[in-house]
Amino acid sequence: QSALTQPPSASGSPGQSVTISCTGTSSDVGGYNYVSWYQQHPGKAPKLMIYEVTRRPSGVPDRFSGSKSGNTASLTVSGLQAEDEADYYCSSYGGRNNLVFGGGTKLTVL
Amino acid sequence: EVQLVESGGGLVQPGGSLRISCAASGFTLSNHWMHWVRQAPGKGLVYVSRSSTDGSDTNYADPVKGRFTISRDNAENTLYLQMNSLRVEDTAVYYCARGISGSRDAFDIWGQGTMVTVSS
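Line by line, the protein sequences give chains C and V. For the first sequence, counting from 1, position 18 maps to 276 in this note's numbering; every step adds exactly one. For the second sequence, counting from 1, position 19 maps to 29 in this note's numbering; every step adds exactly one.
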């Protein structure tokens, strides 16, 4: 199963909003509401930010939100802060016990 | 504190074997599906394997199928990954991750990772 497609980079100034896309197919993103987003700082383990497309785990700021339209999921970070600078990965269940990740997006806070 | 701590990584020659472990604390391991995810140096996350709560149901990504075996000892709160016939392309940081109960393949707790290097 092919990896989900994410833009390699995204950027925004402090206080602005930025949206990162994650494009799959009808067999994964479009077929299931099991899309997750992870934040990873350099040298650290990933951290769950969004699951089941829109749900936020306890402790994740409400500046982070998720959505989905067709085969594309999106992560929006509002009110950008310096500590949001990190790599972001999406993942989606793909049926038949398959789980696929995106290639990652490096978010830069200008 | 809820945490996962991996161990057992290291340098191994191509064709060799290695078993890595993931010790869980602060929660009941038997209540959660558990997973292994790997990340090659400078690359993205790649799914490796999952285990049901009691270990009776296991799945593997195609690149490791037939070579890797996931297992767990709920009494010892430990998850394992036995890796055989290792290849250079298996070189990566291996993370264990806890699945959210009631959801599908969303990982709310991750270990710090253990590095596995396959090289001659």
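Beta carbons are placed, not taken as given, at the ideal position from N, Cα and C, and that holds for glycine. Just so it is clear, the structure is predicted and the values come from calculations on it, not from any experiment.
Option nearest residue i by Cα separation, candidates the options
i	options	result
W46(V)	D64(V), G123(V), V128(V)	G123(V)
T127(V)	T101(V), A85(V), L96(V), P73(V)	T101(V)
G282(C)	S271(C), K302(C), Q274(C), S260(C)	S260(C)
S323(C)	S316(C), S332(C), G317(C)	S332(C)
G20(V)	M93(V), R108(V), S111(V)	M93(V)
V318(C)	G288(C), S336(C), G353(C)	S336(C)
Test: residue i CB closer than 8 angstroms to a CB of chain V
i	result
A303(C)	yes
F322(C)	no
L333(C)	no
Y374(C)	Residue numbering for chain C in the displayed model covers 259 to 368; residue 374(C) lies beyond these limits and cannot be assessed.
Y346(C)	no
N355(C)	yes
P300(C)	no
L365(C)	no
CB contact below 8 angstroms: residue i versus chain C
i	result
L39(V)	no
L55(V)	yes
Test: residue i CB closer than 8 angstroms to a CB of chain D
i	result
P265(C)	The chain labelled as chain D is not found among the protein chains of the depicted structure, namely C and V.
Per DSSP, the bridge partner or partners of residue i
i	result
R60(V)	H45(V), N69(V)
V128(V)	V22(V)
F135(V)	Beyond the ends of chain V as shown, which are 11 and 130, falls residue 135(V); an answer cannot be given.
D83(V)	T88(V)
Handout entry: Contact residues within the stretch 100-125 of chain V, judged by C-beta distance below 7 angstroms to chain C
Key = Correct list: Y105, I110, S113, R114, D115, A116, F117, D118, W120, G121, Q122, G123.
Practice task
With 7 angstroms as the limit, tell me which residues of the stretch 62-79 of chain V have their beta carbon closer than that to any beta carbon of chain C; keep them in chain order.
Solution key: Per Cβ criterion, the list reads N69.
Exercise for the section: With a floor of 3 residues, list each beta strand (DSSP E) that falls wholly inside the stretch 265-313 of chain C, ordered by position along the chain. Expected result: For the stretch 265-313 of chain C, whole beta strand (DSSP E) runs of length 3 or above, ordered along the chain, are 267-270, 276-281, 293-298, 305-308.
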